[in-house]
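This report concerns only the one structure given below.
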Amino acid sequence: MENYCCWTGQIINNNKSSLIFSRNTCRRRKKRISMLLGIKETKDLYYLEIKLTQRRRSATDFLHILEKATNKLSVWGKKFISTAGRITLIKSVIQALPVYYSTLSLVPISVLKKLVKMCRDFLWNKGDGNNGLHYVAWKDLCKPLKLGGMGIQSAVESVEPLRAKLVWKFYNEPNSLLSKSIYAKHGNQFLHSVRSHNSSPTWKLYLSGAKALKHIVKWNIMDGVSINIMKDIWLLDRKLECWPTFISNDIDNISNLSNFITEGTWNAEELKKYFGFDLVNLICNQKIDNDIHEDKLELLNSHSGFTLSALIKNANSEKMEIDLHWINGWSCLKKLKLNPRVHHFWWRLQKNALPTRDFLNQRKLVDGNLCPRVCCLVEDANHIATNCFRLNLLINKANSWGFEIPSFLNLNVVISFLKDKSFNKSFIKNLYCSLVFTSWKSRNTLIHEGKEMDDGFIVTNAITYASTSFSYIHSNHWNANQQMLTPYSWHPPPPGWIKINIDAALHCSKNAGIGGILRDHRGRMLLAYGFSLVHWDIRKLEWLAVRSIGNIIEDWKLKSKGIIVEGDNYNVMKHFKNLSNLDKRRLNKSSKEDFDFLNNFEVILFKYVSINCNKVAHWCANHAFNGNFTWDTLEVKKVPPTFFSLLKEESDRSSIT
Numbered sequence: 001m002e003n004y005c006c007w008t009g010q011i012i013n014n015n016k017s018s019l020i021f022s023r024n025t026c027r028r029r030k031k032r033i034s035m036l037l038g039i040k041e042t043k044d045l046y047y048l049e050i051k052l053t054q055r056r057r058s059a060t061d062f063l064h065i066l067e068k069a070t071n072k073l074s075v076w077g078k079k080f081i082s083t084a085g086r087i088t089l090i091k092s093v094i095q096a097l098p099v100y101y102s103t104l105s106l107v108p109i110s111v112l113k114k115l116v117k118m119c120r121d122f123l124w125n126k127g128d129g130n131n132g133l134h135y136v137a138w139k140d141l142c143k144p145l146k147l148g149g150m151g152i153q154s155a156v157e158s159v160e161p162l163r164a165k166l167v168w169k170f171y172n173e174p175n176s177l178l179s180k181s182i183y184a185k186h187g188n189q190f191l192h193s194v195r196s197h198n199s200s201p202t203w204k205l206y207l208s209g210a211k212a213l214k215h216i217v218k219w220n221i222m223d224g225v226s227i228n229i230m231k232d233i234w235l236l237d238r239k240l241e242c243w244p245t246f247i248s249n250d251i252d253n254i255s256n257l258s259n260f261i262t263e264g265t266w267n268a269e270e271l272k273k274y275f276g277f278d279l280v281n282l283i284c285n286q287k288i289d290n291d292i293h294e295d296k297l298e299l300l301n302s303h304s305g306f307t308l309s310a311l312i313k314n315a316n317s318e319k320m321e322i323d324l325h326w327i328n329g330w331s332c333l334k335k336l337k338l339n340p341r342v343h344h345f346w347w348r349l350q351k352n353a354l355p356t357r358d359f360l361n362q363r364k365l366v367d368g369n370l371c372p373r374v375c376c377l378v379e380d381a382n383h384i385a386t387n388c389f390r391l392n393l394l395i396n397k398a399n400s401w402g403f404e405i406p407s408f409l410n411l412n413v414v415i416s417f418l419k420d421k422s423f424n425k426s427f428i429k430n431l432y433c434s435l436v437f438t439s440w441k442s443r444n445t446l447i448h449e450g451k452e453m454d455d456g457f458i459v460t461n462a463i464t465y466a467s468t469s470f471s472y473i474h475s476n477h478w479n480a481n482q483q484m485l486t487p488y489s490w491h492p493p494p495p496g497w498i499k500i501n502i503d504a505a506l507h508c509s510k511n512a513g514i515g516g517i518l519r520d521h522r523g524r525m526l527l528a529y530g531f532s533l534v535h536w537d538i539r540k541l542e543w544l545a546v547r548s549i550g551n552i553i554e555d556w557k558l559k560s561k562g563i564i565v566e567g568d569n570y571n572v573m574k575h576f577k578n579l580s581n582l583d584k585r586r587l588n589k590s591s592k593e594d595f596d597f598l599n600n601f602e603v604i605l606f607k608y609v610s611i612n613c614n615k616v617a618h619w620c621a622n623h624a625f626n627g628n629f630t631w632d633t634l635e636v637k638k639v640p641p642t643f644f645s646l647l648k649e650e651s652d653r654s655s656i657t
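This is the structure we're talking about:
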């Protein structure tokens, strides 16, 4: 200990220190050591809020997580909070409580399940403590927003994605003390190791993280010794056992991929014994990286801007069963930027998760399914959104005030109207959604208080909800200059400069294309190009599109005053833009190559633009599906008419003279 203090310059504070002894240490020795060091003995020790013990930790060691959640929920439960507000509190506060502990320790599943139950009860139970109906299944609430869920992260299902970063850090920092210790004891084959009952807690944590990590990584091949042919991802973006193709059964007798690699190249004759002709060609086109000293893991989706946990959750969401028709209808509602309460109401309306008379009658909770108003019709989702007599009165009232709100036959027609891009009056769509919501609130007032709100009051509330949603977008206080700064069209570079627009396109068949166009300050095309390839990651393709500039640009173009590169992928543009400010010595291999690529140019700037400013490059990327092309002149026979029209459209919008 004295040596440690000399080496580090630190001094031990005996009052804040504790000693933990092994079970095999006798009581007399424990007492002597404790008196000699002047440090008290303890059975349990907390380090960075993690409890360190000699025994296996049980659920009682993590009850403080449930206590924190109970204290917060008991306070919130006494307040009137809407369902949308409760979901926000669950996502922003309760979900965060177990994250740290689940990542670094083995929290029992029973504790996490109790936390999930507390969240469900808080969301659906009544304010007086009585049980309420659970209108939507918890698994539907936990689906991502893009798949029609509420984006709640289940505490149970989030455990493995959180621990994946530990395994990823092990592979990327092999020289750290922890990585060396784990490698010496367990090796580095996390992806296919089996967890046993006697495994250490650390090993269990790493195996749990590896189980989630293996779905978002692929192998960069050097010699193939570490790669399982069928169970690892090394060809495109999926394991060979998931490919819809025929493979010889004898492949199971081969331990790893190194059997098909000879002196740094693929052994085509050996591959033909186990794979078909097309698959052999695809494998032979797979790059073998001889610059690395061993097989190395890399992310399937690079430059995504997501954390490892988010990438894993996205990969898991792709396996979920989805209703495309429902999701398409829901996506149009999200684009309207509704008030949060209106937004949640319409989500429940589409899920048929509102306490309508028909809903309650099917569950034998009320007698009859007719609307409590004077409609004398079945009260269901269609009735609430379109056919209710009171709703039509409210629409007529709003129209008498100068609005032009249409009427509809059923909910499907409403969704089609909201999806209709030709009707560009988004405020009217927003107002209709708000009217349905305020009409429903008035209906609930009739049920619980015996009287409805005034028509004018309901319509005014609906207008308030709709106008509030639009206030931050269509502000009347913007001046003319601020509106002109919004990038809606392509603009030429300064005199003497060259602007290069790049883009990438990806088909579900993994066929891909990258393309770009070079123009001068007068908007004249200097070069247009496109390359076809096979890939799975659109962000990687955008990165390749930037790197393709070095292959097509000519020496005389390097003599220009400067080059501006525009693309519609924010993360890729940000990556290249920030490279010039970084120390090359601290960059990884891929970033160093990008850094050297930038050094080929005197002045090069990167800028993110919307797809409206990148239409020609987008067309080039899609045209590359048909094959590689390079155009340095606008010959009529070579260049399609669509390209001419897009080029002219961008030139006209930029007002080039």
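For the sequence shown, the UniProt record's numbering assigns the number 1 to the initial residue and increments by one for each residue that follows.
Note that beta-carbon positions come from the ideal geometry of N, C-alpha and C, so glycine has one too.
Within 8 Å, strictly: CB atoms of residue i and residue j
{"i": "residue 530", "j": "residue 546", "result": "no"}
{"i": "residue 371", "j": "residue 357", "result": "yes"}
{"i": "residue 123", "j": "residue 163", "result": "no"}
{"i": "residue 466", "j": "residue 501", "result": "no"}
{"i": "residue 463", "j": "residue 616", "result": "no"}
{"i": "residue 12", "j": "residue 90", "result": "no"}
{"i": "residue 155", "j": "residue 95", "result": "yes"}
{"i": "residue 404", "j": "residue 428", "result": "yes"}
{"i": "residue 225", "j": "residue 300", "result": "no"}
{"i": "residue 527", "j": "residue 549", "result": "no"}
{"i": "residue 434", "j": "residue 394", "result": "no"}
{"i": "residue 391", "j": "residue 436", "result": "yes"}
{"i": "residue 536", "j": "residue 278", "result": "no"}
{"i": "residue 448", "j": "residue 84", "result": "no"}
{"i": "residue 320", "j": "residue 147", "result": "yes"}
{"i": "residue 49", "j": "residue 100", "result": "yes"}
Beta-carbon proximity list for residue i, same chain, < 7 Å, skipping 5 on both sides
{"i": "residue 621", "result": "503, 504, 505, 513, 514, 515, 530"}
{"i": "residue 271", "result": "260, 280, 283"}
{"i": "residue 98", "result": "65, 107, 112, 115, 155"}
{"i": "residue 315", "result": "215, 216"}
Residue i - DSSP class collapsed to helix/strand/coil
{"i": "residue 347", "result": "helix"}
{"i": "residue 497", "result": "strand"}
{"i": "residue 438", "result": "helix"}
{"i": "residue 666", "result": "The first residue shown for the chain is 1 and the last is 657, placing residue 666 beyond what the model contains."}
{"i": "residue 107", "result": "coil"}
{"i": "residue 490", "result": "coil"}
{"i": "residue 370", "result": "strand"}
{"i": "residue 414", "result": "helix"}
{"i": "residue 403", "result": "coil"}
{"i": "residue 638", "result": "coil"}
{"i": "residue 433", "result": "helix"}
{"i": "residue 197", "result": "coil"}
{"i": "residue 182", "result": "helix"}
{"i": "residue 359", "result": "helix"}
{"i": "residue 64", "result": "helix"}
Paired residues, beta bridge with residue i - DSSP
{"i": "residue 46", "result": "51"}
{"i": "residue 631", "result": "528"}
{"i": "residue 298", "result": "218"}
{"i": "residue 235", "result": "238"}
{"i": "residue 265", "result": "262"}
{"i": "residue 378", "result": "370"}
Neighbourhood of residue i by C-beta, 8 Å cutoff - its chain only, sequence neighbours within 5 removed
{"i": "residue 206", "result": "163, 166, 167, 170, 182, 186, 190"}
{"i": "residue 288", "result": "221, 222, 261, 264, 265, 266"}
{"i": "residue 532", "result": "511, 512, 513, 624, 625, 626, 627, 628"}
{"i": "residue 329", "result": "350, 415, 418, 419"}
{"i": "residue 303", "result": "539, 540, 542, 543, 569, 571, 572, 575"}
{"i": "residue 442", "result": "390, 452, 453, 458"}
Close Cβ partners of residue i (< 6 Å) along its chain, the five nearest in sequence each way excluded
{"i": "residue 240", "result": "230"}
{"i": "residue 135", "result": "353"}
{"i": "residue 577", "result": "606"}
is_contact[residue i, chain D] using C-beta, thresh 8 Å
{"i": "residue 620", "result": "Within the model displayed, chain D is absent; a lone protein chain is all it includes."}
Length at least 3, wholly inside the UniProt domain "RNase H type-1" (501-624): the beta strand (DSSP E) runs in chain order
511-519, 525-534, 562-567, 604-608
With a floor of 3 residues, list each beta strand (DSSP E) that falls wholly inside the region 8-49, ordered by position along the chain.
44-47
Which ranges does the alpha helix (DSSP H) cover as unbroken runs of at least 4 residues, wholly within the region 269-333, from first to last along the chain?
277-284, 308-317
Residue ranges of each alpha helix (DSSP H) within the region 106-145, 4 or longer
109-124, 138-141
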